[in-house]
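Just so you know, we're using UniProt numbering here: the sequence shown kicks off at 1 and counts up by one. In what follows, a single structure is set out as structure tokens and then discussed.
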Amino acid sequence: MPSQATMREHRLLRMFGERLLDPDYWSYNRRSVAIAMAAGVFAAWLPLPLHSLVAIGLAILLRGYLPLAIAMVWVNNPLTIAPMFYLAYQLGIRLLGLPALEFSYSLEHDIASIIWPLLTGALLLGLVSSVSAWLLTRLYWRCKIHRAWKARRR
């Protein structure tokens with residue numbers, strides 16, 4: 001982990017101020033891990049640069065475990081970005097009732113037609129994925145504790 005001094009001096013992290021250094025964001029429990037999973041997965045679906053900053057902002061706002069929120073953003077990586085955004089675009093055109101575009105070599109002309117369906121689909125998939133990640137994390141943690149209590153009783 002980077003030191004507090006390094007984090008204070010980092011130009012992109014300065015916008016979060018001293019809140020970023022609060023020990024609650026660096027310790028994990030059932031609640032903070034579930035929030036971090038949800039924040040990271042939601043940020044991964046957004047077709048924006050600097051997903052990590054979005055995940056950090058959501059984790060700070062909701063008091064989640066920061067390292068995990070940042071790590072979950074990497075669900076969206078060079079191998080998965082194209083299928084994720086294609087799925088988001090397809091969902092968006094269906095939800096908005098728009099025809100699918102025939103893509104040309106000049107993407108600049110198509111960008112205005114692509115952005116709204118892509119954002120619509122990405123936001124919906126981000127919300128569904130983040131709620132699912134939150135629920136599955138809580139369920140997994142509960143099952144893990146239940147098994148530990150059973151083993152302890154034996």
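No residue lacks a Cβ here, since even glycine has one placed at the ideal position from N, Cα and C.
The residue from 76, 31, 41 and 83 with its alpha-carbon nearest to that of residue 69 is 41. The straight-line gap separating the alpha-carbon atoms of residue 95 and residue 117 is approximately 8 Å. If you compare the alpha carbons of 85, 79, 21 and 83 with that of residue 59, the shortest gap goes to 21.
Within the UniProt domain "DUF2062" (13-150), there are no complete beta strand (DSSP E) runs of at least 3 residues. Rounded to whole angstroms, the gap between the alpha carbons of residue 119 and residue 78 is 19 Å. Distances from the alpha-carbon of residue 91 to those of 114, 75, 72 and 49 put 114 closest. Judged by their CB atoms, residue 85 and residue 49 are not nearer to each other than the 8 Å cut-off. About 4 Å separates the Cβ atoms of residue 38 and residue 134, confirming a contact at the 8 Å cut-off. For the 8 Å CB-CB criterion, residue 82 and residue 93 do not form a contact. Closest in alpha carbon position to residue 64, among 25, 52 and 71, is 25. Between residue 138 and residue 8, the beta carbon gap of about 33 Å keeps them out of contact (Cβ cut-off 8 Å). A distance of 8 Å or more separates the beta carbons of residue 87 and residue 136. With respect to the C-alpha of residue 43, the residue from 128, 152 and 140 having the closest C-alpha is 128.
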